[in-house]
Amino acid sequence: MWFNKPWPRFKGVWLSASFRGKIAAAKSGSEYPIQELKVATMNFHEYQAKELFASYGIPVPAGMVARTPDEAVLAAQGLGGDMWVVKAQVHAGGRGKAGGVKLVDTLAELRAESKRMLNMKISTYQTGGLELPVDSVLIAEATDIKSELYLSALVDRVNCCVTFMGSAAGGVDIEQVAVTEPDKIVTVQVDNTAGIQAYQCRQIGFGMGLSTRHVKQLTGIMTSIYRLFMDKDLSLLEVNPLIIDGADNLIALDAKINMDDNAMFRHPDLAAMRDEAQEDPTEVAASRHGLNYVTLDGDIACMVNGAGLAMATMDVVKLNGGEPANFLDVGGGTNAERVKEAFKLILSSDRITAILVNIFGGIVRCDLISEGIIGAVKEVGVKVPVIVRLEGTRVDKGRQLLADSGLAIIAASDLNDAAKKVVAAAASNGQVNGMSEVVQ
Ligand code: GDP
Ligand code: MN
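Here is the structure:
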């Protein structure tokens, strides 16, 4: 097993961990709903995950990452053999169906496929609407497949443990299996103190219908996976497919891992694998300015200080019939500069029909926030209605500044009033504002 230079960068947001959490919770008969929230995790490329797998003794096909067609050919020559698989490296599964996985049996074909993929952007059901650039391809020795299985481990929030899921229905979307054939998924919950036990591996293995030979191999693989999972503070590890190869051995044909990004500081080696090119550009920009930002599907932008208040604001917007375009926490002790950056960030999306600013001045002073808002609106030329609700320290001065600014900012008296106003403003799609005339 060898890879050339693993290359630096990272962070991301991934929906699938929460979806798999839901499956695990449903399987355990839990009555607690798991919110379909975006979970902030650091994502990895397949080649990076496989490198980690290999270092923990989890069998993977030999492979090497390449960033140019020339490198791809060199990689194939280095690997030897006469059949290879070219795999687009993006932070998402479902590549096979999107033309991102190709078997080739000549170097000319390998070069052509690598070139095609390296010029491609991939959008699959797992990319959350983003088009991910393919900056590298994994060249791997082609493997004979006898059958495709599914295996994963994830942080199961409902049961407060790591849960393993296995299925004989591998190689396909596990989301689909969970819906149509839930009985085909076997789960075990790992005791946090005892760790994974051999009998639990057998439970998964025999539950998947494996032979004794394969159950033995699976036990080794699951034990290593658990060790890797705990050592590296992962939130999800997924092997889809785990295959039985031509020599009748289990091998991880695909590999996906997510790390809990709160643990990034403990793993500088993994943090160095971050690939920002695979992330939502708005979220990357936000993290540079110390803003806590998550893109959502709606059209009403929210700018709030404090994560709790931001959640409450989103709830009240929804209660009033609106759809938030984002979660944005500018921080408890924010300043005018950050407010300005936050505005720019919000306005980089063209879906926005109105902006709701909800600030509670505790540590932060409302007059400084007002200065930030005025500065931002003047600088970036906001063309949608801005509804502002200010409360707390120096609120009078803050409101006065807004009123005197000459900008068409709509003041709100409380959160509910603000939500009503922003939903109404969004509905009339910018007609209530005169902002574009006010700001040149
Ligand atoms: P994904 O579509 O992004 O999940 O990418 P995978 O790595 O899971 O590959 C998709 C599918 O391509 C797999 O389920 C296999 O059926 C097929 N595939 C990938 N690598 C090989 C290989 O080495 N040999 C063969 N025969 N098929 C492969
Ligand atoms: Mn896969």
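Sequential numbering from 558 applies to the sequence shown in this note's numbering.
Glycine included, each C-beta is placed from N, C-alpha and C at the ideal position.
- What do you reckon, are the CB atoms on residue 504 and residue 861 nearer than 9 Å? No information on residue 504 is available, as it lies outside the stretch 558 to 997 that the chain covers here.
- Query: Which class does residue 784 belong to by DSSP, given the choice of helix, strand or coil?
  - Reply: Sequence index remark: in the sequence shown, residue 784 carries index 227 (1-based). Three-state DSSP puts residue 784 in a helix.
- the region 722-742 contacting the region 812-825, beta-carbon criterion three pairs below 8 Å: Short answer: they don't touch.
- Task: Leaving aside the five residues before and after residue 984 along the sequence, list all residues of the same chain whose C-beta is less than 7 Å from its C-beta, in chain order.
- Result: Position 427 of the sequence shown, counted from the first residue, corresponds to residue 984. If the five residues before and after residue 984 are omitted, its C-beta is found closer than 7 Å to no C-beta atom of its own chain.
- Query: Among 769, 717 and 765, which residue has its Cα nearest to the Cα of residue 746?
  - Reply: The sequence position of residue 746 within the sequence shown is 189, counting from 1. If you compare the alpha carbons of 769, 717 and 765 with that of residue 746, the shortest gap goes to 717.
- Mind the definition here: the region 675-686 touches the region 645-653 only if three or more C-beta pairs lie below 8 Å; say whether that holds. The region 675-686 vs the region 645-653: in contact.
- Query: Which value, in whole angstroms, describes the spacing of the CA atoms of residue 879 and residue 617?
  - Reply: Numbered from 1 along the sequence shown, position 322 holds the residue referred to as residue 879. Numbered from 1 along the sequence shown, position 60 holds the residue referred to as residue 617. Answer to the nearest angstrom: the Cα atoms are 48 Å apart.
- Query: Between residue 735 and residue 742, what straight-line distance do the alpha-carbon atoms span, to the nearest angstrom?
  - Reply: For the purposes of this step, residue 735 is identified with residue 178 of the sequence shown, where counting begins at 1. For the purposes of this step, residue 742 is identified with residue 185 of the sequence shown, where counting begins at 1. So the alpha carbons of these two residues sit roughly 7 Å apart.
- Beta-carbon separation of residue 643 and residue 674 under 9 Å? Along the sequence shown, read from residue 1 onward, the residue named residue 643 stands at position 86. Along the sequence shown, read from residue 1 onward, the residue named residue 674 stands at position 117. Result yes, Cβ atoms of residue 643 and residue 674 sit closer than 9 Å.
- Message: Nearest by alpha-carbon distance to residue 903: which of 840, 779, 872 and 606 is it?
- Response: Against the sequence shown, residue 903 aligns to sequence position 346. For residue 903, the closest of 840, 779, 872 and 606 by C-alpha to C-alpha distance is 840.
- For the ligand MN, is there a heavy atom less than 8 Å away from the beta-carbon of residue 600? As a first step, residue 600 must be located in the sequence shown, where it is residue number 43. Result no, Cβ not under 8 Å from the ligand MN.
- Three-state secondary structure (DSSP) at residue 818? Residue 818 sits at position 261 when you count from the first residue of the sequence shown. The answer is helix: DSSP assigns residue 818 an H, G or I state.
- Message: Could you check if residue 935 belongs to the surroundings of the ligand MN, using beta carbon to heavy atom distance under 8 Å?
- Response: Locating residue 935 in the sequence shown gives position 378, counting from the first residue. The answer is no for residue 935.
- Message: To the nearest angstrom, how far is the alpha carbon of residue 600 from that of residue 831?
- Response: Locating residue 600 in the sequence shown gives position 43, where the first residue counts as 1. Locating residue 831 in the sequence shown gives position 274, where the first residue counts as 1. Each residue's alpha carbon lies about 7 Å from the other.
- Message: For the pair the region 624-642 and the region 792-799, tell me if three or more CB-CB distances fall below 8 Å.
- Response: The region 624-642, when compared against the region 792-799, does not touch it at the 8 Å Cβ threshold.
- Item | Segment contact, 8 Å Cβ cut-off, at least three pairs: the region 632-641 with the region 600-615 | Cβ pair count under 8 Å is below three, so no.
- Task: On a CA-only basis, which of 660, 976 and 957 is nearest residue 1008? Give me that one, please.
- Result: What is shown of the chain runs 558 to 997, which leaves residue 1008 out entirely.
- Drop a sphere of 10 angstroms on the beta-carbon of residue 979, count the other beta-carbons inside from all chains shown, and report buried for 16 or more, exposed for fewer. By one-based count along the sequence shown, residue 979 stands at place 422. Result: buried.
- Item | Nearest-angstrom Cβ-Cβ length linking residue 779 and residue 801, presumed shorter than 8 Å | As a position in the sequence shown, residue 779 is number 222, starting the count at 1. As a position in the sequence shown, residue 801 is number 244, starting the count at 1. About 16 Å; that fails the 8 Å criterion.
- At what residues does the beta strand (DSSP E) containing residue 946 begin and finish? Taking the first residue of the sequence shown as 1, we reach residue 946 at position 389. From DSSP, the beta strand (DSSP E) with residue 946 extends over 943-949.
- Compute the minimum distance between the beta carbon of residue 696 and the heavy atoms of the ligand GDP, and state whether it is under 8 Å. Residue mapping note: residue 696 aligns to position 139 of the sequence shown, counting from 1. Not under cutoff, so the answer is no.
- Query: So, are the CB atoms of residue 870 and residue 913 less than 9 Å apart?
  - Reply: Numbered from its first residue, the sequence shown carries residue 870 at position 313. Numbered from its first residue, the sequence shown carries residue 913 at position 356. For residue 870 and residue 913, yes; Cβs fall inside 9 Å.
- Message: Can you give me the C-alpha to C-alpha distance between residue 962 and residue 935, rounded to a whole angstrom?
- Response: Working through the sequence shown from its first residue, we reach residue 962 at position 405. Working through the sequence shown from its first residue, we reach residue 935 at position 378. One C-alpha to the other measures close to 10 Å.
- Query: Should residue 940 go down as buried or exposed, given a rule of 16 or more other Cβ atoms within 10 Å for buried?
  - Reply: Mapped onto the sequence shown, residue 940 falls at position 383. Looking at its Cβ environment, which holds fewer than 16 other Cβ atoms inside 10 Å, residue 940 is exposed.
- Query: Would DSSP call residue 738 helix, strand or coil?
  - Reply: Position 181 of the sequence shown, counting from 1, holds the residue named residue 738. Coil.
- Query: Any idea what DSSP makes of residue 595, helix, strand or coil?
  - Reply: In the sequence shown, the residue the question calls residue 595 occupies position 38. Because the pLDDT of residue 595 is 45, which lies under 50, any placement of that residue in the model is unreliable, and the number read from its coordinates should be weighed accordingly. In this structure, DSSP gives residue 595 a state outside helix and strand, which the three-state scheme calls coil.
- Message: Just to confirm the assignment, what range does the alpha helix (DSSP H) spanning residue 601 have?
- Response: Walking along the sequence shown from the start, residue 601 turns up at place 44. For residue 601, there is no enclosing alpha helix (DSSP H), as DSSP marks it with neither H nor E.
- Item | Which residues DSSP lists as bridging residue 793, in chain order | Within the sequence shown, numbered from 1, the residue matching residue 793 stands at position 236. In the DSSP output, where bridge partners are listed per residue, residue 793 has 711 and 815.
- Query: CB-CB under 6 Å to residue 709, same chain, minus the five flanking residues each way: which ones, in chain order?
  - Reply: Numbered from its first residue, the sequence shown carries residue 709 at position 152. So the qualifying residues of the chain are 722 and 795.
- Task: Give a yes or no on contact between the region 763-781 and the region 660-676, applying the rule of three or more CB pairs nearer than 8 Å.
- Result: Not touching, per the Cβ criterion.
- Item | Cβ-heavy atom distance, residue 635 to the ligand FAD, below 8 Å | What this structure holds is the ligand GDP and the ligand MN, not the ligand FAD.
- Task: Tell me whether residue 999 is buried or exposed, calling it buried when 16 or more other Cβ atoms sit within 10 Å of its Cβ.
- Result: For the chain, the structure presents residues 558 to 997; residue 999 sits outside this window and is missing.
- Query: In angstroms, rounded to a whole number, what distance separates the CA positions of residue 849 and residue 703?
  - Reply: By 1-based counting over the sequence shown, the position of residue 849 is 292. By 1-based counting over the sequence shown, the position of residue 703 is 146. Pairing residue 849 with residue 703, the inter-Cα distance amounts to about 46 Å.
- Query: What span of residues does the alpha helix (DSSP H) with residue 914 cover, start to end?
  - Reply: The residue given as residue 914 occupies position 357 in the sequence shown. Note, residue 914: premise wrong, no alpha helix (DSSP H); beta strand (DSSP E) at 911-918.
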